[in-house]
Amino acid sequence: MAYQIVDTFTGKVLSSFDTLAQAEKAESRMVHEPGETRYEIVAPKVKKVSKKKTAVTEEVDGKEESN
């Protein structure tokens, strides 16, 4: 997973890191103006895996019913 430090004013990626701890350490060493959020750590987007729905049939008194 690659964490990126992004300049919020220009939108450019300044650097990439393998771990969040490395990104936070590098971001803490950058120059910050009082009252401004110039740099942001962007985490990688995680793809959500959707589950396939299956038709469930139940047998009730010898008859099949579909939900």
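First residue of the sequence shown: 11, per our numbering; consecutive thereafter. From the three backbone atoms N, C-alpha and C, an ideal C-beta is built for every residue, glycine too. A quick note: this is a predicted structure, and the numbers were derived from the prediction, not measured.
In the DSSP assignment, the residues bridged to F27 are Y13.
E50 sits in a strand when the DSSP states are folded into three classes.
In terms of Cα proximity to E37, the closest of P54, T64, K61 and Q14 is Q14.
In terms of Cβ geometry, R48 and F19 form a close pair [threshold 8 Å].
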